[in-house]
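The next block holds one structure in the form of structure tokens; read it before the comments.
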Ligand code: CMP
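Numbering (our numbering), first residue to last: 3 to 134.
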């Protein structure tokens, strides 16, 4: 059994999509083992996305991620990391498969509704960061 980390981002929370996204998560067989709504400070958003510090979108991304409440999630399932990435869809909603969360609710490549850990090691670090 694996646990991955997910975030419902400020755009999806503001659009009133928490319930629909959680419904998709549960329908896909994940067990929600952690859930917390939180308004990130700019500093916490910067720390969370530190790996992207050199990217041109870093400033916008961290400003956006601290612009309104998010929902942090711990999701358990066999092969959870890969499975959650499939349910989310591609980073850019325009390229995401039909039926994925980002296709359904993402606005653009930055405001893309949800986040998910990219590997098991990352999931462990991100879970520890949000659910110490
Ligand atoms: P996420 O899966 O949370 O990981 C990093 C985030 O950076 C990503 O989702 C997007 O929100 C954002 N992002 C990635 N690529 C770009 C890009 N080219 N332009 C703007 N934002 C991006």
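Think of the CB as a built atom: it goes at the ideal place given N, C-alpha and C, for glycine as much as any other residue.
The structure presented is a predicted model; accordingly, all values stated were derived computationally and were not measured.
Go to residue i, then tell me how far its beta strand (DSSP E) extends in each direction, as first and last residue.
i	result
residue 39	33–40
residue 76	72–79
residue 10	4–10
If the criterion is Cβ atoms closer than 8 Å, does the pair residue i and residue j meet it?
i	j	result
residue 79	residue 32	yes
residue 2	residue 72	No information on residue 2 is available, as it lies outside the stretch 3 to 134 that the chain covers here.
residue 102	residue 91	yes
residue 83	residue 115	no
residue 112	residue 59	yes
residue 75	residue 20	no
Helix, strand or coil for residue i, going by three-state DSSP, please let me know.
i	result
residue 118	strand
residue 131	helix
What's the gap between the Cα of residue i and the Cα of residue j?
i	j	result
residue 14	residue 70	10 Å
residue 53	residue 64	12 Å
residue 5	residue 128	11 Å
residue 48	residue 100	31 Å
residue 130	residue 96	31 Å
residue 18	residue 110	17 Å
Given the structure, does residue i come close to the ligand NAP, in the sense that its CB is under 7 Å from one of the ligand's heavy atoms?
i	result
residue 93	This structure does not include the ligand NAP; its bound ligands are the ligand CMP.
For residue i, report the span of its alpha helix (DSSP H) as first-last.
i	result
residue 61	60–67
residue 89	82–90
residue 107	103–107
residue 24	20–29
residue 45	44–50
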